[in-house]
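Take 5 as the starting number for the sequence shown in our numbering and just add one per residue.
We put the CB at the ideal spot given by N, CA and C, even for glycine.
To keep things clear, I will list the structure first and then write my remarks on it.
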Amino acid sequence: MSQDTNKEDINAAIERLTQENAELNGMVLATGVILTQLLQAMTLRELNPWNSATRIVNNAQGAIEGFAASDSSPRAQAVKERALTAIKQFEDQLRSVLPT
């Protein structure tokens with residue numbers, strides 16, 4: 005295999021992965037928006053929406069901690085950190101519509 009062919013293969017693979025990443029980011033965004041709207045609707049129906057939101061967030065954080073506890077690789081840690089950050093983002097969005 006020539007060096008030019010190898011570079012073309014690498015560039016094609018990078019382009020394919022970049023496209024797949026963009027598509028996955030779009031799916032994640034849509035999923036996050038729908039999930040937030042569902043959680044908002046659900047918590048607004050509760051007698052105490054703030055407690056309901058707290059329970060949801062705490063359960064999600066606990067699940068992430070438990071799920072990621074068995075793998076201490078750098079990638080697993082990055083996934084865990086991003087997931088916990090996402091939970092905080094969901095919490096902020098969820099609580100933004102709750103009555104004070």
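#1: What does a CB cutoff of less than 7 Å around glutamine 44 pick up in its chain, not counting 5 residues either side in sequence?
#2: Buried or exposed: threonine 9, going by 16 or more other Cβ atoms within 10 Å of its Cβ?
#3: Looking at the secondary structure, which residues open and close the alpha helix (DSSP H) in which aspartate 13 lies?
#4: Look at isoleucine 68 and lysine 84 and say whether their C-beta atoms are less than 8 Å apart.
#5: Where does threonine 89 fall in DSSP's three states?
#6: Pull up the CB-CB distance for glutamine 65 and leucine 33, whole angstroms please, since I reckon it's below 8 Å.
Looking at the coordinates:
#1: Against the sequence shown, residue 44 aligns to sequence position 40. Excluding sequence neighbours, glutamine 44 sits near Leu98, Val101.
#2: The residue given as residue 9 occupies position 5 in the sequence shown. Under a 10 Å Cβ-count criterion, threonine 9 is classified as exposed, with fewer than 16 other Cβ atoms of the shown protein chains found around its own Cβ.
#3: For the purposes of this step, residue 13 is identified with residue 9 of the sequence shown, where counting begins at 1. That run of the alpha helix (DSSP H) goes 7–48.
#4: Residue numbering aside, residue 68 sits at position 64 when the sequence shown is read from its first letter. Residue numbering aside, residue 84 sits at position 80 when the sequence shown is read from its first letter. Going by C-beta atoms, isoleucine 68 is nearer than 8 Å to lysine 84.
#5: Position 85 of the sequence shown, counted from the first residue, corresponds to residue 89. DSSP places threonine 89 within a helical segment (H, G or I) once states are collapsed to three.
#6: Position 61 of the sequence shown, counted from the start, is the residue given in the question as residue 65. Position 29 of the sequence shown, counted from the start, is the residue given in the question as residue 33. At roughly 22 Å, the Cβ-Cβ gap does not stay under 8 Å, so glutamine 65 and leucine 33 are not in contact.
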